[in-house]
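Worksheet for the structure shown next.
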Amino acid sequence: MKYSQLIWAALVLLVLNSGVAQAQTKLPPRRPGGAVPARAKLAANGEGVKDGLTMQKGRVILTELGVTNPLTADKQLLNGTTISTTGLVTAKDGTTTQINEGDHVSLSGRVTSRRAIMEADSIAKITSYDALHPGKRKKMEEAREKKEKAKLKREEEKIKAKEKAAKRKR
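Under the numbering used here, the first residue of the sequence shown carries the number 2, and numbering increases by one thereafter.
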């Protein structure tokens, strides 16, 4: 009898202890309308802005350390290249290039056209697609060629049928 009372007492203490431990792990409730802690963010114009100079909407935009601002004065880059506020890039040897909408100039002085950026992006997308779906692009290309051949064959058959019809009318 004494042992059963001791067992019950131990079980009661065990249950009460687990309840107390659980109560301590809960987070305090949020107050309605309470301030949420602010996080430092840098506003980026566009997706994935790299450090360097870009022509956007007819203006040269300078991005350094993730901070983007319009270029207000001529900027000399690391390799001695100078870029003006109008987008005229003058290399150290004196050659000049006008950057167009979407072109990018790195802070080291490398000029990349929008077309080259798009080509590099396309190649990266194709490479990642091929990694995810090996052989699928080749199968799709073969299916497209097969459809094209079938279409050409149908067109040739239509032309032959028209020629036969024209011969019969004569």
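Ideal placement from N, C-alpha and C gives every residue a C-beta, glycine not left out. Remember, it's a predicted structure, so these values are computed and weren't measured experimentally.
If you reduce the DSSP assignment to three classes, tell me which class Leu63 lands in. strand
With DSSP as the reference, label Lys150 as helix, strand or coil. helix
At a cut-off of 7 Å, would you count Lys170 as near the ligand NAP, judging by its Cβ distance to the nearest heavy atom? Ligands displayed in this structure: none; no statement on the ligand NAP is therefore possible.
Going by C-alpha distance, which of Lys93, Gln57, Leu153 and Gly95 is nearest Thr86? Gln57
Do Gly88 and Gln99 have their beta-carbon atoms positioned less than 8 Å apart in this structure? yes
When you compare only the Cα positions, how much space is there between Lys1 and Arg171? Past the edges of the chain, shown from 2 to 171, lies residue 1, and the structure says nothing about it.
Return the bridge partner residues of Leu54 from the DSSP annotation. Leu63 and Val106
Where does Ala41 sit, in a helix, a strand or coil, going by DSSP? Low local confidence applies: a pLDDT of 42 at Ala41 is under 50, so the model's placement there is unreliable, with the coordinate-based value given in what follows. Three-state DSSP puts Ala41 in coil, outside helix and strand.
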